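Below: the structure, in structure tokens.
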Amino acid sequence: MPVRPVLMSEKPIDADLVERARAGDGEAFGELYRRYFDPIFRYLCVRVDRAEDAEDLAGTVFLRAYRSLDRYRERGWPFSAFLYQVARNALVDHYRKRPRESGLAEAIDLGTGPRELDDDLERAERVQAMRQALAELPPDYQEVIRLRVLLSLPTETTAQWMERSPGAVRVLLYRALAALRSKLSEPDED
Amino acid sequence: MTSDERSRADALDRLIDDRAAGATGSEDLGALVALAADLRSDLAPAPAPKARRARVLARVTNRIAAGQASRRQGWALSLRPAYALAGLVLALTLAFSATAAYASEAALPGDVLYGVKRGLEDVQLVLSATAAGDSGLIERFADRRVDEIETLTRRGRWGDAERALQAYPEVVDEMLAASQVEDLDSQAARLTRHLEVLIRVGANAPSEAQPALLRALENANRGRQEVERRRHEPKPVPPGQMEADDDAERGPKKTPPGQESKNQSGD
Numbered sequence: 001m002p003v004r005p006v007l008m009s010e011k012p013i014d015a016d017l018v019e020r021a022r023a024g025d026g027e028a029f030g031e032l033y034r035r036y037f038d039p040i041f042r043y044l045c046v047r048v049d050r051a052e053d054a055e056d057l058a059g060t061v062f063l064r065a066y067r068s069l070d071r072y073r074e075r076g077w078p079f080s081a082f083l084y085q086v087a088r089n090a091l092v093d094h095y096r097k098r099p100r101e102s103g104l105a106e107a108i109d110l111g112t113g114p115r116e117l118d119d120d121l122e123r124a125e126r127v128q129a130m131r132q133a134l135a136e137l138p139p140d141y142q143e144v145i146r147l148r149v150l151l152s153l154p155t156e157t158t159a160q161w162m163e164r165s166p167g168a169v170r171v172l173l174y175r176a177l178a179a180l181r182s183k184l185s186e187p188d189e190d
Numbered sequence: 191m192t193s194d195e196r197s198r199a200d201a202l203d204r205l206i207d208d209r210a211a212g213a214t215g216s217e218d219l220g221a222l223v224a225l226a227a228d229l230r231s232d233l234a235p236a237p238a239p240k241a242r243r244a245r246v247l248a249r250v251t252n253r254i255a256a257g258q259a260s261r262r263q264g265w266a267l268s269l270r271p272a273y274a275l276a277g278l279v280l281a282l283t284l285a286f287s288a289t290a291a292y293a294s295e296a297a298l299p300g301d302v303l304y305g306v307k308r309g310l311e312d313v314q315l316v317l318s319a320t321a322a323g324d325s326g327l328i329e330r331f332a333d334r335r336v337d338e339i340e341t342l343t344r345r346g347r348w349g350d351a352e353r354a355l356q357a358y359p360e361v362v363d364e365m366l367a368a369s370q371v372e373d374l375d376s377q378a379a380r381l382t383r384h385l386e387v388l389i390r391v392g393a394n395a396p397s398e399a400q401p402a403l404l405r406a407l408e409n410a411n412r413g414r415q416e417v418e419r420r421r422h423e424p425k426p427v428p429p430g431q432m433e434a435d436d437d438a439e440r441g442p443k444k445t446p447p448g449q450e451s452k453n454q455s456g457d
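So the protein sequences, as listed, match chains A and B. Residue numbers for the first sequence follow the working numbering, beginning at 1 and rising by one. Residue numbers for the second sequence follow the working numbering, beginning at 191 and rising by one.
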């Protein structure tokens, strides 16, 4: 089903900014950066272990996006979704160069996240259990939880990024959370 | 997928964004909404700090500028012997960051290197360790913005000038927000100069640019009035001095309780 081209932060002038940036207008690209740095950086934060890596990757994403502007055609595909796709490709390269040490490998990942575990052992265990359970879900379940729950993106934007319909995203999220809940309620094997 | 599952999924989607709604419809949905809330609370990443945002932007703009410059260099040097080219490219690569920064100093809004210039300003602010340092930098940057407007209008680039004029109120807001007591005199002088420049610019501005120009003038004036108001506010009295003044108003210092007899006995 084609995805409806309307978006949260995808104001109509995104297309104009892209056109201007393509023509060499650095300010227009700067405005696109200001609009989308935060969601892209936060997405990268939940995908890698260290904030420094997320920062490096964010730089790579915007640089690649700038260099690929000529190849970007809106056609119902918002610029933020284009950036998201560039970010996913950058993550693939990142993992290729630096395989994850966690053993969860392609479990792809919530990473350690930005919040340090505190001294509260109970909370630390709960967080660890959540990460572990999440990492064991199918990739599209993990992704919808990352975008819709952890980044709090609206359903429409999540749909555009994941190239699905909003209805499909709602059902996917319902199933993903139900599966996560079920995993968390499984008895601990240890 | 059953219609029941779809309606539960729709309800969950609404409830996730509206925790204040309270009623969850069913125990099962309530548990999923609570799970989503726990995930957000424990695992959601914080917004990117401003310093990080500025650092990445500076890096990206530098690399874009470096790429553009090396393409230009490659074209210009294509007829030279390969070894000379290799040496020059190496030298350029090593020197480029500084070159890009230098070249960007003269960049105007709408120029390719303008992003580098603004990115470097952000980096300077990030590196400034004191409020006084921030305030000084912001004043200098404010002057630059006004100079850029004047240069753009002199060159007839009214489209870019109009955009720069539209951004000017933010410049004033930043100046006022960063203002320190010791900067008020220099800020007043700067804002007076801004008004003079803007009035000069207005003499030749086309009608399309007039609304943005008028707004910029109003904001420069608003900024100057606010600075004047702050300059004439009574200065806070240092705590020690306040105590002395209070004592003077209260009359002769009283002998602390318990010391009367000691003083008297000394007589």
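No residue lacks a Cβ here, since even glycine has one placed at the ideal position from N, Cα and C. Computed from a prediction, not measured in an experiment: that's the story for all the values here.
Helix, strand or coil for residue i per DSSP?
| i | result |
| --- | --- |
| B/Ser231 | helix |
| A/Ser152 | coil |
| A/Val48 | coil |
| B/Pro142 | Here chain B has residues from 191 to 457 only, and residue 142 of chain B is not among them. |
| B/Thr192 | coil |
| A/Arg220 | Residue 220 of chain A falls outside the range modelled here, since chain A spans only 1 to 190, and no answer is possible. |
| B/Val302 | coil |
| B/Pro237 | coil |
| A/Thr158 | helix |
| A/Glu74 | coil |
| A/Arg164 | coil |
| B/Ala297 | coil |
| A/Gly59 | helix |
| B/Glu423 | coil |
| B/Pro396 | coil |
| A/Pro138 | coil |
| B/Asp200 | helix |
| B/Pro428 | Below a pLDDT of 50, predicted positions are generally treated as unreliable, and B/Pro428, at 46, falls in that range; no measurement from the model is reported. |
| B/Asp218 | helix |
Using a C-beta to C-beta distance shorter than 7 Å, which residues of chain B count as neighbours of residue i?
| i | result |
| --- | --- |
| A/Leu17 | None at all; the shortest Cβ gap to chain B is about 12 Å. |
| A/Ala178 | Leu222 |
| A/Val86 | Within chain B, no residue comes near A/Val86; the closest Cβ sits about 13 Å away, beyond 7 Å. |
| A/Arg181 | Ala221, Leu222 and Leu225 |
List, in chain order, every chain A residue whose beta-carbon is nearer than 8 Å to that of residue i.
| i | result |
| --- | --- |
| B/Asp363 | The contacting residues do not exist; B/Asp363 stays about 16 Å from chain A at best. |
| B/Gly305 | Gly26, Glu27, Phe29 and Gly30 |
| B/Arg412 | Per Cβ cutoff of 8 Å: no residues; B/Arg412 is ~25 Å from chain A at best. |
| B/Arg420 | Here the premise fails: no neighbours, minimum Cβ distance about 30 Å. |
Determine, using beta carbons only, whether residue i comes closer than 8 Å to chain B.
| i | result |
| --- | --- |
| A/Thr157 | no |
| A/Glu116 | Low local confidence applies: a pLDDT of 47 at A/Glu116 is under 50, so the model's placement there is unreliable, with the coordinate-based value given in what follows. Answer no: the Cβ-Cβ gap between A/Glu116 and chain B never drops below 8 Å. |
| A/Ile145 | yes |
| A/Tyr66 | yes |
| A/Ala58 | yes |
Is the shortest distance between the beta-carbon of residue i and the beta-carbons of chain A less than 8 Å?
| i | result |
| --- | --- |
| B/Pro359 | no |
| B/Gly300 | yes |
| B/Leu222 | yes |
| B/Asp203 | yes |
| B/Leu247 | yes |
| B/Ala226 | yes |
| B/Val250 | yes |
| B/Leu229 | yes |
| B/Asp208 | no |
| B/Gly277 | In this prediction, B/Gly277 has a pLDDT of 42, which is less than 50 and means its spatial position is unreliable; what the coordinates show is noted afterwards. So, not an interface residue. |
For a contact meaning CB atoms closer than 7 Å, what does residue i contact in chain A?
| i | result |
| --- | --- |
| B/Arg198 | Tyr174 |
| B/Ala234 | Leu150 |
| B/Arg253 | Leu63 |
| B/Arg242 | Glu55 |
So with CB distances below 9 Å, who are the chain A contacts of residue i?
| i | result |
| --- | --- |
| B/Glu195 | Val171, Tyr174 and Arg175 |
| B/Pro237 | Asp38, Phe41 and Arg42 |
| B/Arg308 | Gly26, Glu27 and Gly30 |
At a CB-CB cut-off below 8 Å, which residues of chain B make contact with residue i?
| i | result |
| --- | --- |
| A/Tyr33 | Leu247 and Val250 |
| A/Met130 | Asp228, Leu229, Asp232 and Leu233 |
| A/Val127 | Asp232 and Leu233 |
List the residues of chain B whose Cβ lies closer than 9 Å to the Cβ of residue i, in chain order.
| i | result |
| --- | --- |
| A/Tyr48 | According to the sequence shown, residue 48 of chain A is Val rather than Tyr. By Cβ distance, chain B contributes nothing, its closest Cβ being about 11 Å from A/Val48, past 9 Å. |
Counting pairs of Cβ atoms below 8 Å between the region 23 to 34 of chain A and the region 220 to 231 of chain B, do you hit three or more? no
Take every Cβ of the region 246 to 254 of chain B, pair it with every Cβ of the region 29 to 45 of chain A, and state whether three or more of those distances are shorter than 8 Å. yes
Contact the region 230 to 248 of chain B vs the region 148 to 167 of chain A: 3+ CB pairs below 8 Å: yes
Quick check: the region 353 to 371 of chain B against the region 328 to 336 of chain B, are there 3 or more CB pairs under 8 Å? yes
Pairs of beta-carbons, one from the region 323 to 332 of chain B and one from the region 342 to 355 of chain B, closer than 8 Å: are there three or more? no
Report yes or no: do the region 242 to 252 of chain B and the region 57 to 66 of chain A share at least 3 C-beta pairs separated by less than 8 Å? yes
Inter-stretch contact (C-beta, 8 Å, three-pair minimum) for the region 372 to 388 of chain B and the region 345 to 352 of chain B: no
Would you check if the region 46 to 55 of chain A and the region 124 to 131 of chain A touch, i.e. whether three or more CB-CB distances between them fall below 8 Å? no
Are at least three pairs of beta-carbons, each pair with one atom in the region 176 to 184 of chain A and one in the region 156 to 168 of chain A, less than 8 Å apart? no
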